[in-house]
Amino acid sequence: MFENFSEMMLELFATSLWETVVMVGISGLVGALLGVPLGVFLRLTDRGGVLENGLVNKTVGWIVNAVRSTLFIILLVAIIPFTRLITGSSIGTAAAVVPLTLAAAPFVARLVEASLREVDAGLVEAAQAMGATTWQIVWKVLLPEALPGIVAGLTITFVSLTGYSAMAGAIGGGGLGDLGIRYGYQRFLPDVMLAVVVVLIFFVQAVQSLGDWAVRRLSHR
Amino acid sequence: MRADFFMIELRGISLTYQGAHGPFEALRGIDLHIPPGEVFGIIGRSGAGKSSLVRTINLLNRPTSGQVIVDGRDLTGLGDAELRAARRDIGMVFQHFNLLSSRTVFDNAALPLELAGMDRAAIRARVDPLLELVGLSALRDRYPAQISGGQKQRVGIARALASRPKVLLSDEATSALDPETTRSILDLLRQVNRELGLTVLLITHQMQVIKQVADRVAVIEAGRIVEQGRVLDVFTRPQQAITRSLIDEILPQALPASVLDHVRHLSGALQGQGKGRVGQLLRLSYSGAGAYQPILSRLIREHGLDLSLLHGQVDEIQDQTFGALAVYVSGEAAQLAAAIARLRAEDVLVEEVVTEG
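Top line first, the protein sequences correspond to chains A and B.
Numbering of the first sequence is given in the numbering used here, commencing with residue 1 and proceeding in unit increments.
Numbering of the second sequence is given in the numbering used here, commencing with residue 1001 and proceeding in unit increments.
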């Protein structure tokens, strides 16, 4: 067992883990930066929202759904021109970040929207009665009240992105998933495959535990 | 202050919702005039339109037609920014408190001031005495999840007072609280009304709330105000069936079966005696100065009547005593009639209750 773990293989593991962290980390953060405002926008324009606008809400909602329903492996190749425009290349870890981000943003948006919907409408009404602006309602009421839910949603997003990042190998993105496919499966090295699985299990557990801890800290319900 | 100045004035307020089953008229031509410093109660059954009504006063509901004039300003004509500024002069407390779970007691009470852009030191100087006023200084760093319902409503009141409003709206503020907590919250509302000279408009479905704190009351039914007046007058002389039934919840008018049985027994015994004596069950309602007259003993002494005091209640509204008594009176027919006329002349409301059938 583990006769295949040369120093080179260990190095490959370290590199792959780092690539996964980079892909998941950056796409998760940028996806959140895009997705949180998008989720807020969806909530505000939805029925009963402070900026209720059925047409705009449905249009944006439709686009969000369209991106979400595109299989990631298709999205990965479909947006190659856009990826090249942003990163200057259509292959590599940096190139994989672009489609991952694009997949993360609408996912985050829907999770944020759902968390915001959990905020009691009475709180928004109370803020309006105090003379709050829409901006203040978002920053002082909606986001702080939904924060534990949003953080829980971001945790789910990071875990999901870890799964998506396995497909990044298709455009040379690297990462643990790619390592598992190329060495574990294609070269038939079951011990490498097993090691990839174990590392991924610990990686996802760590992300989830960190997220749960943050939610506990933030929640005062 | 001029005699004709009103802190809150509603003129012809109508509100129509577009519901799933077509338009629904929640309010139909409401006129209301509330002078400064008054505690005004609006009572009605659920669905009568009272929540819709209180929400039109700070334009959380924009009326379909009519004017909302608060402190001399027509709110319905204001732009967004002006309306937000005007809303700072109107505090509001809610049935379910509507406190932010992510903020401490202090930060909840401070929220309106934060929204108004006040700096941290000034907020502290304003909020600390308010927490003192509502008796929550010791709990300032707790979160809403860590305090009781009554304490939450105290935070709600402190928050509503933070921007030093002239008007306080209370939307069923005590409906989610137990009777004892209700009493203490109402005492607090009365206290801020007196100490800060605040005009308070409260809506409720509980007559007890009206009885305890309101100066005047309006009864709302199906989007219309059907009766209004000083609380004592409305209690002692309700005009509408809905008003009577609301009052009935705290001052039951129907006599218990045991009392009616007893009356039948008394009148049966009387008929057996003959001698031209008659008996009558009377319900006497009286209030104010009349409450202190020795009305019952006069019936005995001056009209030679026999009295059985069967049922009744004597209570106080706004420091005025009022009573509602069920009395079985017997004696000579002429004397009985004279006694009833005399009671009526003394402003006692006399109802002859029929027990048979």
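We treat Cβ as the ideally placed atom computed from N, Cα and C, and that holds for glycine.
In terms of beta-carbon proximity, M1207/B stays away from the interface with chain A, with every pair separated by 8 Å or more. DSSP places A1326/B in the uninterrupted beta strand (DSSP E) bounded by 1320-1332.
At a cut-off of 8 Å between beta-carbon atoms, P1063/B makes no contact with chain A.
Under the 8 Å criterion on CB atoms, T155/A is classed as non-interfacial with respect to chain B. G1279/B is bridged by DSSP to S1330/B. G1229/B sits in a strand when the DSSP states are folded into three classes.
If only complete runs of 4 or more residues are kept, the segment 1083-1115 of chain B shows the alpha helix (DSSP H) at 1105-1115, in order along the chain. Neighbours of L1202/B in chain A, taken as residues whose beta carbon is under 7 Å from its own, are absent, since the nearest beta carbon is some 15 Å off. Distance from the CA of V22/A to the CA of V1093/B, rounded to the nearest whole angstrom, comes to 49 Å.
Within the same chain, and ignoring the five residues on either side of Y185/A in sequence, the residues whose Cβ sits closer than 7 Å to its Cβ are M193.
Scanning its chain for C-beta atoms nearer than 8 Å, with the 5 sequence neighbours on each side dropped, one finds no residue around R216/A. Taking 4 residues as the shortest admissible run, the segment 1126-1179 of chain B contains the following complete alpha helix (DSSP H) segments, listed from N- to C-terminal end: 1149-1162. Relative to F1005/B, the option among E1025/B, H1033/B, N1058/B whose CA is nearest is H1033/B. In the DSSP assignment, the residues bridged to F1040/B are L1201/B, R1216/B. Segment contact: the segment 1322-1331 of chain B against the segment 1271-1285 of chain B, three or more CB-CB distances shorter than 8 Å; contact assigned. At the C-beta level, V1234/B and I1225/B stay beyond 8 Å of one another. Look at I1250/B here: in three-state DSSP terms it is coil, with no helix or strand label.
In the DSSP assignment, G1012/B falls outside any alpha helix (DSSP H) and within the unbroken beta strand (DSSP E) covering 1008-1019.
With its beta carbon less than 8 Å from one in chain B, R221/A belongs to the interface. Near chain B, meaning a CB-to-CB distance below 8 Å, the residues of the segment 132-147 of chain A are A132, T133, Q136, K140, V141, P144, E145, L147. Taking 8 Å as the cut-off, the beta carbon of S1014/B is found closer than this to the beta carbon of G1029/B.
Between L1100/B and chain A, the shortest Cβ-Cβ separation is below 8 Å.
Any Cβ of chain B closer than 8 Å to the Cβ of D120/A would place that residue at the interface, and such an atom is present. Using a CB distance cut-off of 8 Å, F1094/B counts as an interface residue toward chain A. Beyond the five residues adjoining it in sequence on each side, V204/A comes within less than 8 Å, by CB distance, of V159, T162 in the same chain, given in chain order.
It is roughly 17 Å from the alpha-carbon of E1351/B to the alpha-carbon of G1331/B. No residue range can be given for D1119/B, since it is assigned to no alpha helix (DSSP H) and is classified by DSSP as neither H nor E. DSSP links Y1292/B through a beta bridge to no other residue. The C-beta of A1109/B has 16 or more other C-beta atoms within 10 Å across all chains shown, which makes the residue buried.
Listed as beta-bridge partners of H1033/B by DSSP are E1009/B. In the structure shown, H1265/B falls within a helical segment according to DSSP collapsed to helix, strand and coil. V1314/B is bridged by DSSP to G1323/B.
A straight-line Cα-Cα distance of about 14 Å links Q208/A and G149/A. Under the 8 Å criterion on CB atoms, A129/A is classed as interfacial with respect to chain B.
DSSP lists T1016/B as the bridge partner or partners of E1025/B. Assigned with DSSP and collapsed to three states, E1346/B falls in coil, not helix or strand.
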